[in-house]
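Trainee:
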Amino acid sequence: MRKASRRVGLPRRYLVSFAVEVVRQMALMLLAVEALYLSDKMVTHLLFDALRNQLGVGFLVETLVLAAPEILSVGFPIAVVIAVYFALLRRREAGDFVILAGAGVAPRALVGFCLGLGLLALTLAGGLRGFIEPLAARQLATRLIEGRFEAVQQGQLTAGQFLTIGTTTFYQQPRTDGGPESGDAGEDAGEDAGGARTFVFLAPSPDEEQVVTAARSRLNYTMGDEIGSLDLDGARVIAFTRGEGQERTPSVQIGVEHLRVGGVPIALPDAVARGGVTRGAMLPELVIRWLEGETDAGRATLERLLGMALAFVAPLLAGLGLVATRGRMRLAALPAALGVVLGGGLGVAPAAEFLVGLGPAPAMAIALAATLAVALTVALVMGRLLPGSILPQRMHL
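So the sequence shown is numbered by this note's numbering: it starts at 46 and just counts up by one.
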């Protein structure tokens, strides 16, 4: 009687070295995607904010770091497909799979390896989409808001620029030749023809307005508060009472060396409070709000869960691309796998929009079932093609 050959699993040391290679490739892919995204983000948005508010390189670097997770989660499945595909292809072309098959490792063990990579990708994507990205988005939005008035907090307004914070508007008069800068001005700087002065318009109430000129101004404000105070040096204050239409009647006129104006309204409607904005809410917060009946939270929850599911399927798609890389599909397998991932990424939002109307439990059940069905289908096709795909195809890497 013929003795059946014994099949063994992939050696642990081989798995570890293989996983390290995949992670290294994935890091390179993500680095390339991040470089493209951050360069565009810096030129079109962050650099403008830094220059406009004179915030320097430190602010620019900080906001770039906070913007990085946004594209990490989006480009993660693509990086996984490319990294896994090239790592597998390199091993196949080196003859590793033939050697392993001769040592008793079934070619279909590669399916299990891709599933394991899928679970790892799912875990990483869950951390990125569920926690790191919303936390970074919240901090980035807060930092950009703070950057709008950081100069006035430091008493270093940009000359010739209007800055509006809530109902308060600041304007820094440009310095004439030979005059001191506003931040260096003394108490009597306003008396010099060349002295730059700060103009401040305040509206503490609907029927009251104040116009202030000062040699130097500084806003005292803590992020999250609705009221601040204003320190003024060399100040002149004129208060007006508003009547009907555009009628304004002067009520108070004072001139002092030092003055603190309290009760300055700070209205920042675009500030990101913890969990208050969908994009800045972590996944558990979104789920709770969805269960409480908030549709936007449900839509955002499904988008993140479907994005995580795409990351789970990505290694299997890379494996399927590998076994299809032969014959006429030698050059088309990887683009096809990437096309599926890109299409899946584009379909996340429409799918979430459709599923959210079904309610939390049915929507998540359908999303889970669809993910498992896709993974099982890809795994079965990959396993069917694998025995004939372990031979090197003489592809140059």
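Note that the Cβ used here is the ideal one computed from N, Cα and C, for glycine as well.
Do Val306 and Leu275 have their beta-carbon atoms positioned less than 8 angstroms apart in this structure?
Mentor: In contact: Leu275 and Val306 (Cβ atoms closer than 8 angstroms).
Trainee: Taking C-alpha atoms, which residue in Gly140, Leu164 and Ala186 lies nearest to Val110?
Mentor: When each option's Cα is compared against that of Val110, the closest is Ala186.
Trainee: May I ask you to list the residues that DSSP assigns as paired with Gln198?
Mentor: The partner list for Gln198 (beta bridge, DSSP) is empty, contrary to what the question assumes.
Trainee: Express the C-alpha separation of Ile144 and Leu431 in angstroms, rounding to a whole number.
Mentor: The alpha-carbon atoms of Leu431 and Ile144 are separated by roughly 15 angstroms.
Trainee: Look up Leu275 in the DSSP assignment and say whether it is helix, strand or coil.
Mentor: In this structure, Leu275 counts as strand in the three-state DSSP scheme.
Trainee: Taking all protein chains shown into account, decide if Met427 is buried (16 or more other Cβ within 10 angstroms of its Cβ) or exposed.
Mentor: Classification of Met427: buried, given that the 10 Å Cβ count is 16 or more.
Trainee: With Ala369 and Tyr130 assumed to form a contact (beta carbons below 8 angstroms), what rounded beta-carbon distance in angstroms separates them?
Mentor: Actually they do not touch by this definition, with Cβ atoms about 10 angstroms apart.
Trainee: Assuming Val332 and Leu355 form a contact by the criterion Cβ under 8 angstroms, report the distance between their Cβ atoms to the nearest whole angstrom.
Mentor: Actually they are not in contact, since the Cβ atoms of Val332 and Leu355 sit about 19 angstroms apart, beyond 8 angstroms.
Trainee: Starting from Arg373, trace the alpha helix (DSSP H) both ways and give me its first and last residue.
Mentor: Element bounds for Arg373: n/a, residue is neither H nor E.
Trainee: With a threshold of 7 angstroms on Cβ separation, who are the neighbours of Ala394 within its own chain once the five nearest residues in sequence on each side are excluded?
Mentor: Cβ within range, chain order: Glu348.
Trainee: Which one of Ala166, Tyr266 and Ala381 has the shortest CA to CA distance from Ile210?
Mentor: Closest option to Ile210, Cα to Cα, is Tyr266.
Trainee: Hey, which unbroken runs of the alpha helix (DSSP H) at 4 residues or more fall wholly within the stretch 141-181?
Mentor: Those alpha helix (DSSP H) runs which fall completely within the stretch 141-181 and span 4+ residues are 141-147 and 154-172.
Trainee: Could you spell out the range, first to last residue, of the alpha helix (DSSP H) harbouring Pro405?
Mentor: Per DSSP, Pro405 belongs to the alpha helix (DSSP H) from Pro405 to Leu430.
Trainee: Over the uninterrupted beta strand (DSSP E) stretch that includes Glu253, give me the two end residues.
Mentor: Counting along the chain, the beta strand (DSSP E) containing Glu253 begins and ends at Glu253 to Ala259.
Trainee: Between Val297 and Val401, what straight-line distance do the alpha-carbon atoms span, to the nearest angstrom?
Mentor: Going from the Cα of Val297 to the Cα of Val401 covers about 58 angstroms.
Trainee: How should Gly366 be labelled, buried or exposed, when 16 other C-beta atoms within 10 angstroms of its C-beta is the threshold for buried?
Mentor: Buried, by the Cβ-count rule.
Trainee: Is the stretch 69-86 touching the stretch 144-157, taking contact as three or more C-beta pairs under 8 angstroms?
Mentor: No: fewer than three Cβ pairs fall under 8 angstroms.
Trainee: Can Gly163 and Phe399 be called in contact, C-beta distance under 8 angstroms?
Mentor: The answer is no: Cβ separation not under 8 angstroms.
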